[in-house]
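Asker: Structure in structure tokens, see below.
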Amino acid sequence: MYSNYIKTGILLFCAVFVLQTNAQEGVSVNKRIKFTKEVSPTQAKAQFLQKFNLDENNTFQQTIVNKDRSGMQHEKMQQYYNGIKVEFGTLIVHSKNNTVKNINGEVYNGNGVNLSPTLSPQEAFNKATAFVGAQQYLWSNPAEAAAINYSKPTGELVLLPEMDTYSGMLNLAYKFDIYATQPVSRGEVYVDAQNGNILFNNKIIKHYYNEGREMLNDPANLVSRKEAMGPFVLGSANTRYSGLRGIETRLETSGMYTLNDDGRSVFTRNAQNVPFGGGYINNFAEFTDADNVWTLPGLDDAALDAHWGAMQSYDYWLNVHGRNGIDGNGFSMRSYVHVANPQGGGSWVNAAWNGSVMSYGDGNGSSFQPLTSIDICGHEIGHGITQFANNLVYARESGALNEGYSDIWGAAIEFYAKGNGDDLNPNAETWQIGEDFVSNGIGIRSMSNPNQFGDPDTYEGSNWRPTSATGCPTPNNSNDQCGVHSNSGVLNFWFYLLTQGGSGTNDAFNAFNVTGIGMQKSEEIAYLVLRDYLTPNSTFLDARNAAVDIALSLYGSNSPEAIATQDAFYAVNVGAPYVAQATDGRLVSVSDPEIHCGLNTYSPRVKVENAGVATPITSVDINYSIDGGSTNTFTFNGNIPVGATQDIDLPAITLTKGLHALSFSIVVVNDGNATNNQEGFALRVNEIGTVQDVYDFETISDDLLTYFDGVPQTWSRGTYNQTGSVFATTTLSGNVYATNLNGNYFQNTRSYLVTDCYDLVGVVNPTIQFDMAFDIEENWDYLYVEYSTNGGNDWNVLGSASDANWYNSDRTFASSGNTDCFACIGSQWTGTDATMQQYSYNLAAFNSEPSIVFRFVLVTDAGTNNEGPIIDNLTVTSVLSVGDVENNNAFSIYPNPSNGSFSIKAAKNLGDVSVHIFDINGRNLYSKDVNLTGTVNFDLDNLQSGLYILRVAGEDFVKSTKIIIE
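Start counting the sequence shown at 1; every next residue gets the next number (full-length UniProt numbering).
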């Protein structure tokens, strides 16, 4: 049947940015701004809030930052209104080198919402359990609940958007995770905090398909890796569906082998036909084998498929996407085989995952065999990936995306594990879901032909299930949550076409012809859409817009990948087809470190691509400006063939210390696409620090770079003078650096204090050290140190809590038992220590780095704000500085400055000493043992002009001082 296709849109062009909302077939819940000129994250967020009328009561707390291989950084933030979490409220900033390219977000306006609950949490809880109406709940079985770190919900007060019409209206609600075991169900139940009405039930247990079920819990798997009782070893397994495969197992002290892969944290157990929801999670049997050549009888061989499938899933995510397990942090994969029907026991045609473990039924013995095939393992784990990536709501279009993504990962992991076909043409069974365990051999869904099983291959086309509030007023089991399993066929067919290609006419009567780009490129684009762009209520149009942005970022305009990505969505009736340009000059990149070390000239290098399809480019005008000043133009004359790139060096620019905004654009004659001609970024110019120098922050020469993300707050240098301070008795001498010299730090901010750059090549045993006292909200806000060796393009955490004289906390959200430290990285300072004491970290591992820079990072949330850290006497020193004492009257140097000939005069007989001279980077240039009695002369006219450190080391003292050679 042919459905009506709704087209709504607003396209607003501005001098600084382009606002994009509903511009294609379908509906978008995401608000988007695409910036065409240089703008910082802070400026971009401010413009976004202003454009969409979000007042100062709205704050955003960073939850995660990802970076893709194009160098694009994606910062995801959670929305709060007056300190109350806005459920599903998400803002994502996409930037490169501190310049924002675009922002998308699912944000809501809380103006006028009653923020005072009428119901108590207990009253709301009673409403929630009455709605579920179960006979038994998981919290009544403490041992089983503890095995998956579940506890009886107490209710979280949130602002819930209206979930039927996408009106944007908010209601104050209590949120409860209700896990029922008789009958089995699980969902996030939202109760109106004013009147007790049930506003929404976000299903956590998810149906695998109409005859079976699958389940997904909240990300609650906090069970640590089980300690091995013996070595894990390579065995062989005669699997039920995939033939002979290598598996990792564990050799127990009994001499038997078990299906436990401790290296991957993959554990496979026997549920012994206990019904789903029963007590098998902590009361199971091990599958065992005597010689590690596994051939299990009857249905037991399904356990070998489950084990191998989980191993392959783990390897796929790690090797293909660089993701360490389901949550990115080594989430253990526990599979339970021989799980019985929760309705009275017996055969169970189901595969389920509850956020902690996977459960597999044995099928019905006829049309369905055990559901442990490789694509089902990948599908179930895929729901966990989605839950941790963006928590796609399991209803309407977002629910269909949720299901579609699990099918995509099932197919991708099957192809990865079995390698059937080639990258551009996987074998046909790759695109069938469940073909191994269904007796007909064709499965239960088809990605290459969704219509085969009555699913749509066209958005709002034949077999499409209604998703609007009119067509499907309330998502529930009877309407498949408004068609999540059927409508997933649209995303499935898009992925199939993107990978393998195809042509035809869709149900909207649009002819299409897509050239496939292969599995490797398709799965990367799909994953980055899921990880970095989608928000909880995203629609097909949101997915399409994200995929187009990603393909352009990774491959450029007019690339086969960009064309295929957009045309594949057009083939399923989401968005317009790609229109290629005969002439298209693309500004690919500018050499743009975040931090440029050294107060000298910066020489930009731009990369220009001929992204057109017909005409060589023979001339390019490159316009560039600094800090909004006058425009400079450099003209390149040469030949850039179609599809080629050209590096063009621009004249050197002299920059002072601090933040600079650089803007670049190109002009090409007859350019058919001007949207890819601009590039801008923020460049921070930094000084080169001197090893051994102590920054006591008393003068302006000790100023450091500071900046922030989120609520505006930078570190300040000066006298700490807050009254009634936690630091009232802290010994402070002179100026310090603090996040607020006169009060507490701000909420919802991430503020940075950046050291100078250092050349550590040849420096003996370098160490960073500083004095610090701190008052940081314990286990909620935190401070840590990062380092970068590539101009701030990439930052890494320096050290861990296990290092001596360093961090005081290794706590994470997981290790807290889901109670605090929501964003903690596991290596940080948190809490209060008002004593000013020295901290240090050995940098010997970096003594081959010619340019390394460090930064202090303070992360705060929407809750309590304390006084923060105070830092003084920052230095990068070498091993020879250990034991320095200020024997200021021990000797003197004259003349100083000198031409290289100078004398050391001892105030008293210092005896035998060692004299060393270091350059500003800590390299030992001169050493001599002398008897320092009276005056000793030195002639070092071979030293170049500059600043040096002279070190005199005696039996019981060490003194360093600066000398200048002219």
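Glycine is no exception: its CB is placed at the ideal position from the N, C-alpha and C atoms.
So does the segment 416 to 434 actually touch the segment 536 to 549, counting three or more Cβ pairs closer than 8 Å?
Answerer: no
Asker: Return the chain-ordered ranges of every beta strand (DSSP E) run that is complete within the segment 554 to 621 and spans a minimum of 3 residues.
Answerer: You should have 585 to 590, 595 to 597 and 605 to 610.
Asker: For the UniProt domain "Secretion system C-terminal sorting" (893 to 965), list the alpha helix (DSSP H) runs that are entirely contained and at least 4 residues long, ordered along the chain.
Answerer: none
Asker: Can you round the beta-carbon distance between Y394 and S359 to whole angstroms, since I take them to be within the 8 Å contact cut?
Answerer: The residue given as residue 394 occupies position 394 in the sequence shown. The residue given as residue 359 occupies position 359 in the sequence shown. Incorrect: roughly 18 Å between the Cβ atoms, too far for contact.
Asker: Would you kindly report the start and end of the unbroken alpha helix (DSSP H) that includes G309?
Answerer: Indexing the sequence shown from 1 puts residue 309 at position 309. Element bounds for G309: A302 to H321.
Asker: Work out the CA separation of N558 and V667 for me, nearest whole Å.
Answerer: For the purposes of this step, residue 667 is taken as residue 667 along the sequence shown, with counting starting at 1. For the purposes of this step, residue 558 is taken as residue 558 along the sequence shown, with counting starting at 1. Rounded to the nearest whole angstrom, the C-alpha separation of V667 and N558 is 18 Å.
Asker: Mark R605 as exposed unless 16 or more other C-beta atoms lie within 10 angstroms of its C-beta, in which case mark it buried.
Answerer: On the sequence shown, position 605 is the one that residue 605 refers to. A residue is called buried once 16 or more other Cβ atoms fall within 10 Å of its Cβ, and R605, having fewer, is exposed.
Asker: Comparing alpha-carbon positions, which option in Y496, A543, G575 and V761 lies nearest F918?
Answerer: Within the sequence shown, residue 918 is the residue found at index 918, counting from 1. That would be V761, whose Cα lies nearest to the Cα of F918.
Asker: Taking all protein chains shown into account, decide if R69 is buried (16 or more other Cβ within 10 angstroms of its Cβ) or exposed.
Answerer: Numbered from its first residue, the sequence shown carries residue 69 at position 69. R69 is exposed by the Cβ-count criterion.
Asker: Tell me which residue opens and which closes the beta strand (DSSP E) that W806 is part of.
Answerer: Residue mapping note: residue 806 aligns to position 806 of the sequence shown, counting from 1. That residue, W806, is in no beta strand (DSSP E); it is neither H nor E in DSSP.
Asker: Determine, using beta carbons only, whether F856 and L783 come nearer to each other than 8 Å.
Answerer: Here residue 856 is taken as the residue at index 856 of the sequence shown, counted from 1. Here residue 783 is taken as the residue at index 783 of the sequence shown, counted from 1. Cβ atoms of F856 and L783: closer than 8 Å.
Asker: Among all the DSSP beta bridges, which residues are the ones paired with residue 972?
Answerer: No statement about residue 972 is possible, as the shown extent of the chain runs from 1 to 966 and does not include it.
Asker: In the DSSP assignment, the alpha helix (DSSP H) including Y784 goes from what residue to what residue?
Answerer: By one-based count along the sequence shown, residue 784 stands at place 784. Run containing Y784: none in the alpha helix (DSSP H); it sits in the beta strand (DSSP E), Y782 to S788.
Asker: Give the range of the beta strand (DSSP E) segment to which M77 is assigned.
Answerer: Locating residue 77 in the sequence shown gives position 77, where the first residue counts as 1. Segment Q73 to Y81, the beta strand (DSSP E) holding M77.
Asker: To which residues of the same chain is W308 closer than 7 Å at the C-beta, ignoring the five residues directly before and after it?
Answerer: Here residue 308 refers to the residue found at position 308 when the sequence shown is read from its first residue. Answer for W308: A237, T239, S242, R245 and I247, listed in chain order.
Asker: Mind checking L704: buried by the 16 CB within 10 Å criterion, or exposed?
Answerer: By 1-based counting over the sequence shown, the position of residue 704 is 704. Its Cβ being crowded by 16 or more others within 10 Å, L704 is buried.
Asker: In terms of DSSP beta bridges, what is E188 paired with?
Answerer: The residue given as residue 188 occupies position 188 in the sequence shown. For E188, which the question treats as bridged, DSSP gives the partners D177 and N202.
Asker: Per DSSP, A875 forms a beta bridge with which residues?
Answerer: Sequence index remark: in the sequence shown, residue 875 carries index 875 (1-based). In the sequence as presented, Ala is not what sits at residue 875; that position holds Thr. V694 and Q769, per the DSSP bridge assignment.
Asker: Keeping to the same chain, check which residues put their C-beta closer than 6 Å to that of D289; ignore five residues upstream and five downstream.
Answerer: Numbered from 1 along the sequence shown, position 289 holds the residue referred to as residue 289. The answer, listed in chain order, is Y257.
Asker: Name the one or two DSSP bridge partners that T90 has.
Answerer: Walking along the sequence shown from the start, residue 90 turns up at place 90. Answer is Q78 and E106, bridged to T90.
Asker: Whose C-beta lies closer than 7 Å to the C-beta of N721 among residues of the same chain, with five residues either side of it excluded?
Answerer: In the sequence shown, residue 721 corresponds to position 721, counting from 1. Result list for N721: L741 and N742, in chain order.
Asker: When you compare each of L170, E286, I852 and G83 to P593 by their alpha carbons, which one comes out closest?
Answerer: As a working mapping, residue 593 is identified with position 593 in the sequence shown. If we check each option's Cα against that of P593, I852 comes out closest.
Asker: Does the CB of I92 have a neighbour CB from chain C at under 8 Å?
Answerer: Among the chains of the structure shown, chain C does not appear; only one protein chain is present.
Asker: Under DSSP, the alpha helix (DSSP H) around E403 begins and ends at which residues?
Answerer: As a first step, residue 403 must be located in the sequence shown, where it is residue number 403. First-last of the alpha helix (DSSP H) with E403: R396 to K418.
Asker: Measuring alpha carbon to alpha carbon, tell me which residue in Q78, L115, F284 and N942 is nearest E106.
Answerer: Taking the first residue of the sequence shown as 1, we reach residue 106 at position 106. Taking only the C-alpha atoms, the option nearest E106 is Q78.
Asker: Residues in the same chain with beta-carbon distance under 6 Å from D507, minus the five sequence neighbours each way, listed in chain order, please.
Answerer: One-based indexing of the sequence shown puts residue 507 at position 507. So the qualifying residues of the chain are T458, G461 and S462.
Asker: Compute the beta-carbon to beta-carbon distance between L49 and N82, rounded to the nearest angstrom, for a pair I have assumed lies under 8 Å.
Answerer: For the purposes of this step, residue 49 is identified with residue 49 of the sequence shown, where counting begins at 1. For the purposes of this step, residue 82 is identified with residue 82 of the sequence shown, where counting begins at 1. So it is not a contact: roughly 15 Å between Cβ atoms.
Asker: Ignoring anything shorter than 3 residues or poking outside the segment 472 to 558, list the beta strand (DSSP E) runs there in chain order.
Answerer: Entirely contained in the segment 472 to 558, the beta strand (DSSP E) runs reaching 3 residues are, in chain order, 502 to 505 and 511 to 514.
Asker: Would you mind stating whether D436 and S486 have Cβ atoms separated by less than 8 Å?
Answerer: Numbered from 1 along the sequence shown, position 436 holds the residue referred to as residue 436. Numbered from 1 along the sequence shown, position 486 holds the residue referred to as residue 486. It is not a contact, given that the beta carbons lie outside the stated cut-off.
Asker: Unbroken beta strand (DSSP E) runs of length 3 or more, entirely within the segment 672 to 747: which are they?
Answerer: 678 to 686, 705 to 710, 716 to 718 and 736 to 738
Asker: May I ask you to verify whether the segment 465 to 481 touches the segment 496 to 513, counting CB pairs closer than 8 Å and requiring at least 3?
Answerer: At 8 Å Cβ cutoff, the stretches do not touch.
Asker: Since F708 and T714 are thought to touch, with beta carbons under 8 Å apart, how far apart are those beta carbons, to the nearest angstrom?
Answerer: Within the sequence shown, the letter at position 708 stands for residue 708. Within the sequence shown, the letter at position 714 stands for residue 714. Going by Cβ atoms, the distance from F708 to T714 rounds to 5 Å, so yes, they are a contact pair.
Asker: E123 lies in the alpha helix (DSSP H); which residues open and close that run?
Answerer: By one-based count along the sequence shown, residue 123 stands at place 123. Residues P121 to V132.
Asker: So A351 packs on I376, CB below 8 Å; how close in whole Å?
Answerer: Translated into the one-based positions of the sequence shown, residue 351 becomes position 351. Translated into the one-based positions of the sequence shown, residue 376 becomes position 376. Yes, they are in contact, since the Cβ atoms of A351 and I376 sit about 5 Å apart, within 8 Å.
Asker: Alpha carbon to alpha carbon, how far is Y745 from N4? Give it in angstroms, no decimals.
Answerer: The residue labelled residue 4 in the question sits at position 4 within the sequence shown. The residue labelled residue 745 in the question sits at position 745 within the sequence shown. At N4 the pLDDT is 31, less than 50, meaning the model places this residue with poor confidence and gives no usable figure here.
Asker: Within 10 Å of its beta-carbon, does N104 have 16 or more other beta-carbons around it, so buried, or fewer, so exposed?
Answerer: For the purposes of this step, residue 104 is taken as the residue at position 104 of the sequence shown. Burial call: buried.
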